[in-house]
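In what follows, a structure is listed as structure tokens, so that the remarks can point back to it.
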Amino acid sequence: MDLGIQGKNALVCAASKGLGRGCAEALAEAGVNLTICARTEQDIVDTANEIRSKYKVSVESVACDITTSEGREAALKTSGPVDILINNAGGPPPGQFRDWTREDWIKAVDANMLTAIELIKSTVDEMISRKFGRIINITSAAVKSPISILGLSNGARMGLTGFCAGIARDTVRDGVTINGLLPGPFETERLLGNLKVRAEAAGVSEEEMYKTAAAENPAGRFGNSEEFGKTCAFL
Ligand code: NAP
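Going letter by letter, the sequence shown gives residues 73 to 307 in my numbering.
Here it is, written out as structure tokens:
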């Protein structure tokens with residue numbers, strides 16, 4: 073299917089693995105030129121090389137922490153004008169709310185709310201002037217169905233969702249849409265890490281927890297990054 077985005081430029085954050093990588097691959101398949109980032113240099117360079125050789129699009133990589141102002145500056149300097157912005161970063165750790173300090177909260181809000189807002193602020197006016205822009209925030213199903221141990225994520229991501237719902241009403245008239253993708257359980261390193269915590273808490277093996285959690289999902293299995301990426305490219 074021609075998605076009509078061939079030749080556009082995308083900045084895909086946190087994209088060496090998992091859902092971000094799935095989005096980068098699906099956009100590349102649709103003919104989009106990419107700038108991708110992650111903190112681990114070798115991983116992001118390898119991912120860029122693999123996507124470039126598979127899809128024959130331009131892929132620049134930036135090794136940076138997108139939750140810092142220096143990281144965002146480096147990513148935007150490499151990307152140049154952005155037509156498609158995929159906001160993503162690692163999620164806050166699970167835990168119990170009585171243990172979280174003010175510092176833990178600031179870190180979560182910084183990474184999963186303010187980082188996306190800063191990147192939107194840096195790119196949206198150019199999108200508006202070109203009358204085309206697509207902004208996707210990778211958040212979590214927890215925005216609609218909050219999960220107790222993911223309180224830091226619930227709070228920060230709901231804040232981002234509320235903010236974006238407000239400004240999207242100002243941008244859509246000029247061809248700039250802002251959407252959230254709210255993943256349920258998708259099989260990535262992060263999901264396997266969370267399952268390990270749940271298995272320990274429940275006193276069962278990781279394999280048992282994997283089977284139980286997969287069966288609880290309506291599909292009877294976890295989603296995968298490829299499916300997630302295709303949904304992102306469609307939006
Ligand atoms: P993942 O498999 O752990 O992949 C995370 C990717 O982001 C890696 O490429 C990682 O590379 C990069 N990254 C992490 N922190 C970064 C930072 N500060 N700056 C730049 N790059 C960074 O995770 P995932 O499952 O794809 O999750 C992506 C997001 O979706 C997370 O926010 C997660 O909470 C959310 N989510 C996932 C699921 C799920 O089922 N998978 C469900 C709901 C929500 P480096 O470590 O090298 O930086």
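We put the CB at the ideal spot given by N, CA and C, even for glycine.
Here the structure is a predicted model, which is why all the values come from computation and not from measurement.
Own chain partners of residue i with C-beta closer than 7 Å, once the 5 adjacent residues on each side are dropped
i, result
"proline 166", "Ile221, Leu222, Asn266, Val269"
"alanine 96", "Val84, Ala87, Leu106, Ile108, Ile123"
"serine 277", "Ala271"
"aspartate 246", "Ile200, Lys203"
"valine 117", "Ser133"
Rounded distance between the beta-carbons of residue j and residue i, thought under 8 Å
i, j, result
"valine 154", "leucine 106", "With a Cβ gap of about 11 Å, valine 154 and leucine 106 do not count as contacting."
"alanine 180", "leucine 224", "4 Å"
"asparagine 81", "glycine 152", "7 Å"
CB contact flag (residue i, residue j, <8 Å)
i, j, result
"glycine 103", "isoleucine 77", "yes"
"leucine 253", "isoleucine 207", "no"
"proline 255", "asparagine 289", "no"
"alanine 305", "alanine 98", "yes"
"leucine 157", "isoleucine 192", "yes"
"isoleucine 210", "glycine 92", "yes"
"serine 31", "arginine 229", "Because residue 31 is not part of the residues shown, which for the chain are 73 to 307, the question remains open."
"cysteine 136", "alanine 120", "no"
Reference residue i; option with closest CA among the options
i, options, result
"glutamate 101", "Ala228, Val134, Ser130, Ala110", "Ser130"
"alanine 285", "Glu259, Leu191, Glu145, Pro164", "Glu259"
"aspartate 115", "Met281, Val134, Thr173", "Val134"
"valine 248", "Tyr127, Leu307, Arg144", "Leu307"
"valine 215", "Val196, Met185, Ala146, Phe169", "Met185"
"glycine 163", "Lys126, Asp176, Thr119", "Asp176"
"glycine 143", "Tyr282, Ala110, Gly90, Met281", "Ala110"
"serine 141", "Ser194, Cys236, Ala273", "Ser194"
"isoleucine 250", "Lys126, Gly79, Val117, Phe204", "Phe204"
"glycine 79", "Lys128, Asp118, Gly90, Val117", "Lys128"
Contact set for residue i: own chain, Cβ-Cβ below 8 Å, skip 5 residues either direction
i, result
"threonine 139", "Ala161, Asp182, Ala183, Thr187"
"threonine 112", "Ser88, Ala135"
"phenylalanine 235", "Met185, Ile189"
Contacting residues, own chain, Cβ-Cβ under 6 Å from residue i (five flanking each side not counted)
i, result
"glycine 150", "Before going further, note that residue 150 is threonine rather than glycine in the sequence given. For threonine 150, where only same-chain residues beyond five positions count, the Cβ hits under 6 Å are Thr107, Glu132, Val134."
"alanine 287", "none"
"aspartate 74", "none"
"phenylalanine 169", "Gly223"
Residue i: CB within 7 Å of a non-hydrogen atom of the ligand ADP
i, result
"isoleucine 210", "With respect to the ligand ADP, the structure offers nothing, as its ligand set consists of the ligand NAP."
Taking contact to mean 3 or more Cβ pairs, one atom from each stretch, closer than 8 Å, check whether the segment 293-306 and the segment 255-263 are in contact.
yes
Given 8 Å, three or more beta-carbon pairs between the segment 227-246 and the segment 191-200:
yes
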